[in-house]
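Comments concern the structure below.
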Amino acid sequence: MPTFVVTISLPDTYEDEFLALIPRHRSVINRLLSEKVIEAYAISADRRRGWVTINGDDTGAVRGIVEKFPLYRYFLGIEIDELFIFDSVATRFPIIGLN
1 MPTFVVTISL PDTYEDEFLA LIPRHRSVIN RLLSEKVIEA YAISADRRRG
51 WVTINGDDTG AVRGIVEKFP LYRYFLGIEI DELFIFDSVA TRFPIIGLN
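Numbered by full-length UniProt numbering, the letters in the sequence shown go through residues 1 to 99 in order.
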């Protein structure tokens, strides 16, 4: 299954309604992480951009996943790029230690 990175543009300031949705949003993200739909989730230190690495059949399927995020209506824009290579420590086999 292809892997995509989604770049999210977030507002400069947050309304109370946005802040109230964060727990529900995190719950959805955590569920998708546990289901291995999302491989990685990150928000910049200034909280203006985010990156989500998602496994999906195609760009349309990935867009459909992102559109279901509780905070989606507050996103100023999203970019979806299919990755040729996605390598991380989390995707490697654990190091075996002999005791």
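Quick reminder that beta carbons are idealized off the backbone N, C-alpha and C, glycines included. This structure is a prediction, so every number in the text was calculated from the model and none was measured.
Given Phe18, which residues of its chain have a CB within under 8 Å of its CB, disregarding the five upstream and five downstream residues? The count along the sequence shown starts at 1 and reaches residue 18 at position 18. Closer than 8 Å at the Cβ level, and outside the excluded window around Phe18, lie Pro11, Leu71 and Tyr74.
Take the Cβ of Glu39 as the centre, count every other Cβ of all protein chains shown within 10 Å, and call the residue buried at 16 or more, exposed below. As a working note, residue 39 is residue 39 in the sequence shown. Buried: at least 16 other Cβ atoms inside 10 Å.
Do Lys68 and Asn55 have their beta-carbon atoms positioned less than 8 Å apart in this structure? For the purposes of this step, residue 55 is taken as the residue at position 55 of the sequence shown. For the purposes of this step, residue 68 is taken as the residue at position 68 of the sequence shown. The answer is no: Cβ separation not under 8 Å.
May I ask you to report which of helix, strand or coil DSSP gives Glu39? If you number the sequence shown from 1, residue 39 lands on position 39. Three-state result, Glu39: strand.
What are the boundary residues of the alpha helix (DSSP H) that includes Phe84? On the sequence shown, position 84 is the one that residue 84 refers to. Careful: Phe84 lies outside any alpha helix (DSSP H) and carries neither H nor E.
Proximity of Glu2 and Glu82 at Cβ, strictly below 8 Å: Reading the sequence shown from its first residue, position 2 is the one you call residue 2. Reading the sequence shown from its first residue, position 82 is the one you call residue 82. In the sequence as presented, Glu is not what sits at residue 2; that position holds Pro. Cβ atoms of Pro2 and Glu82: closer than 8 Å.
Separation of Tyr14 from Arg47, as counted between CA atoms: The count along the sequence shown starts at 1 and reaches residue 47 at position 47. The count along the sequence shown starts at 1 and reaches residue 14 at position 14. Looking at the two C-alpha atoms, the distance is approximately 10 Å.
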